[in-house]
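Numbering (my numbering), first residue to last: 10 to 211.
Quick reminder that beta carbons are idealized off the backbone N, C-alpha and C, glycines included.
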């Protein structure tokens with residue numbers, strides 16, 4: 010009698026344990042595939058800067074730029090009251106293209122007028138500066154591998170060039186809407202790089 014009761018209790022415990030357990034899928038090596046912790050900090054430890062740039066381009070760059078881009082007026086206000094340290098921001102504005110500079114095939118530029126001042130906007134294929142990376146809000150401490158952070162600028166810059174339309178001399182004198190990243194330093198605009206370009210009807 011006692012043995013039967015003990016057996017029933019044991020069976021109940023096993024059933025309870027099985028009910029409480031979550032079935033975990035196994036990978037090709039028979040190891041459990043653990044679900045990602047939704048509250049865990051994003052980890053880029055095993056990714057190359059190029060992979061990080063490609064995977065985060067739409068969300069961290071394009072979507073963020075459309076949501077948080079400054080207008081020409083807001084940009085002018087920030088230029089008049091500059092922050093103590095350089096900061097990179099997204100900007101969206103429409104301006105007439107004053108000229109296209111293709112004298113250096115590696116560093117082509119589109120020259121527009123922003124609040125009365127000429128601004129060269131980089132088109133590539135070589136892009137200088139950290140404007141895109143820093144405008145995304147990524148910080149040095151977000152990366153365990155600090156080399157990734159240093160190289161992420163170049164990866165983002167290369168990614169930007171891939172998404173731009175072909176720009177030639179025919180764009181000169183025409184209105185264009187520019188979505189860009191730019192670095193503000195002491196009220197001056199530096200290292201502007203185009204993210205999206207759209208010709209507008211005259």
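From which residue to which residue does the beta strand (DSSP E) around residue i run?
| i | result |
| --- | --- |
| residue 134 | 126-134 |
Let me know the secondary structure DSSP gives residue i once reduced to three states.
| i | result |
| --- | --- |
| residue 93 | coil |
| residue 70 | helix |
| residue 76 | helix |
| residue 25 | Because residue 25 sits at a pLDDT of 47, beneath the cut-off of 50, its placement in the model cannot be relied upon, and the following sentence gives the value as read from the coordinates. Reduced to three states, the DSSP call for residue 25 is helix. |
| residue 169 | helix |
| residue 163 | helix |
Suppose the cutoff is 6 Å on Cβ atoms and the five residues either side in sequence are ignored; what does the same chain contact list for residue i look like?
| i | result |
| --- | --- |
| residue 142 | 161, 162, 165 |
| residue 58 | 157, 160, 161, 164 |
| residue 77 | 99 |
Quick one: what's residue i bridged to in DSSP?
| i | result |
| --- | --- |
| residue 153 | Paired residues: none, contrary to the question. |
| residue 103 | 186 |
| residue 194 | 197 |
| residue 143 | Bridge partners of residue 143: none, in fact. |
| residue 84 | DSSP lists no partner for residue 84. |
How far does the alpha helix (DSSP H) with residue i in it reach, from first residue to last?
| i | result |
| --- | --- |
| residue 177 | That residue, residue 177, is in no alpha helix (DSSP H); it is neither H nor E in DSSP. |
| residue 211 | Careful: residue 211 lies outside any alpha helix (DSSP H) and carries neither H nor E. |
| residue 117 | No alpha helix (DSSP H) holds residue 117; the beta strand (DSSP E) holding it covers 116-123. |
Closest to residue i by C-alpha separation, out of the options, would be which residue?
| i | options | result |
| --- | --- | --- |
| residue 144 | 82, 211, 200, 53 | 200 |
| residue 209 | 198, 185, 74 | 185 |
| residue 94 | 195, 202, 73 | 195 |
| residue 55 | 154, 133, 171 | 154 |
Given residue i, which residues of its chain have a CB within under 7 Å of its CB, disregarding the five upstream and five downstream residues?
| i | result |
| --- | --- |
| residue 3 | In the structure displayed, the chain extends from 10 to 211; residue 3 sits before or after that span and is not available. |
Using C-beta distances below 8 Å, list every residue in its chain close to residue i, excluding the 5 sequence neighbours before and after it, in chain order.
| i | result |
| --- | --- |
| residue 69 | 145, 146, 147 |
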